[in-house]
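This is the structure we're talking about:
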């Protein structure tokens, strides 16, 4: 019995001494919240004028938190297989975005926390597609 215990303890100590060295390059992280990066420091009035009023708000120690819901849109999503051929029949998806917008006392956006998002038509975030305006195409 003691031999088994000592053998197990020795094996555990030997395995604990092993380390793995990885030389895999790290991949830079994607921006965690591109919507906040775009709107932080801008006027909340411009946001609400462009995307609609908030549904509710409450005090937050010197500022306000606005609960915003919007971007309601119905889209038809075509499906394709990996080789590009048509897949299952197209389906209709209801898109929307939900966010909590924190402003300072002078109505400037301090942060935007996305509380409800879904995959967009052209990317992983419908909120990012909706709330970050695309620049107009350059004149040629």
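In the numbering used here, the protein residues as written are 1 to 140. Quick reminder that beta carbons are idealized off the backbone N, C-alpha and C, glycines included.
Within a Cβ cutoff of 7 Å, which residues of the same chain sit near residue i, ignoring the five residues on either side of it in sequence?
| i | result |
| --- | --- |
| residue 118 | 95 and 126 |
| residue 102 | 60, 63, 65, 110 and 111 |
| residue 4 | none |
Give the straight-line distance between the Cα atoms of residue i and residue j, rounded to the nearest whole angstrom.
| i | j | result |
| --- | --- | --- |
| residue 106 | residue 41 | 11 Å |
| residue 43 | residue 90 | 39 Å |
| residue 113 | residue 137 | 29 Å |
| residue 97 | residue 84 | 30 Å |
| residue 49 | residue 121 | 24 Å |
| residue 45 | residue 53 | 9 Å |
| residue 2 | residue 33 | 57 Å |
Give me, in chain order, the residues of the same chain whose beta-carbon lies closer than 8 Å to that of residue i; leave out the 5 immediate sequence neighbours on both sides.
| i | result |
| --- | --- |
| residue 123 | 129 |
| residue 92 | 74, 75, 76 and 77 |
Quick test of your reading: residue i and residue j, contact by CB under 8 Å. State the CB separation rounded to the nearest angstrom.
| i | j | result |
| --- | --- | --- |
| residue 35 | residue 132 | 6 Å |
| residue 55 | residue 68 | 7 Å |
Among the residues of its own chain, which have a CB less than 6 Å from the CB of residue i, if the five just before and after it don't count?
| i | result |
| --- | --- |
| residue 87 | 79, 80 and 81 |
| residue 57 | 64 and 66 |
| residue 51 | 70 |
| residue 147 | Here the chain covers residues 1 to 140 and nothing more, so residue 147 does not appear. |
| residue 104 | 63 and 110 |
In the structure shown, what three-state DSSP assignment does residue i receive?
| i | result |
| --- | --- |
| residue 46 | helix |
| residue 77 | strand |
| residue 132 | coil |
| residue 60 | coil |
| residue 106 | coil |
| residue 33 | coil |
| residue 160 | No answer is possible for residue 160: the residues shown for the chain start at 1 and end at 140. |
Nearer than 8 Å: is that true of the beta carbon of residue i relative to any heavy atom of the ligand GTP?
| i | result |
| --- | --- |
| residue 115 | Looking for the ligand GTP in the displayed structure turns up nothing, as the structure carries no ligands at all. |
Take residue i as the anchor and find which of the options has the nearest alpha-carbon.
| i | options | result |
| --- | --- | --- |
| residue 70 | 116, 121 and 7 | 116 |
| residue 47 | 121, 135, 99 and 120 | 99 |
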